[in-house]
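Below: the structure, in structure tokens.
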Amino acid sequence: MTRFYAPEYLADLEDSWTGRPGTPGELPWLPYPSEEFNALMVWVRIHAQVNATYFELGAGIGTKVLMAQQGGFRASGVEICELYAAKARQLGAAVQLGDVRSERTLEQVALSDVVYMNHPLADRLEEFKLEQAVQARLRPGAILVTVRSANPPHGSPWSVLCQLREGDLAVRKDSGR
Ligand SMILES: C[S@@+](CC[C@H](N)C(=O)[O-])C[C@H]1O[C@@H](n2cnc3c(N)ncnc32)[C@H](O)[C@@H]1O
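In numbering that gives the first Met the number 0, the protein residues as written are 0 to 176.
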């Protein structure tokens, strides 16, 4: 049976895991504030189709995957840290162990209706290149929610659905260009 978690419970869980070491050499768990995530997801829900898929890069303990799931998405994610991914699965979030830099991750990006990323990589240039690759692989009509972005997409072919701050936004890819 699918469990339902109160938003306050998930927010407290995010706080209590902040500072726990992740995979050496990679960024640790640094959650995006859940109220701001939910503000962006309001816009995403307005524009996404019913039963849309949601895929998260660097899903950590799976709290955002659960929030998306509880918001009606078929949600999953990829995470490099075994400890975080195990906690996510214990909570009931479909988080697989893997690297956001892998071809497998980009294949999942290409199949998803909604993609969420919060600057998973420690190195700014690597992050810039990852965001470029994700933007190129998203299919027309897909929605990208990208926060703390090193490479916020603007202009053709992107429609901005909601922007909270520079680098924190939800956009839809309108064409394949
Ligand atoms: C900034 S936290 C984001 C957490 C969550 N997505 C959020 O927005 O609240 C970055 C997450 O990415 C994971 N991560 C770091 N490098 C990764 C990599 N190469 N592949 C997959 N996950 C990675 C970290 O372990 C961490 O859980």
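Where a beta carbon is used, it is the ideal one built from N, C-alpha and C, also for glycine.
Asked	Found
Beta-carbon proximity check, Arg100 vs Leu137, cutoff 8 Å	no
Proximity test, Ala149 beta-carbon vs ligand 1 heavy atom, cut-off 7 Å	no
Identity of the residue in Ser148, Arg2, Cys80 nearest Thr22 by Cα	Cys80
Which listed residue (Phe3, Pro6, Glu25, Ala85) has its alpha carbon closest to that of Glu125	Glu25
Within-8 Å CB hit, Leu160 to chain D	Chain labels in this structure do not include chain D; a single protein chain is all it has.
Completely contained beta strand (DSSP E) runs for the region 127–158, where each covers 3 or more residues	142–146
Closest Cα partner of Val114 within the set Arg164, Met40, Gln69	Met40
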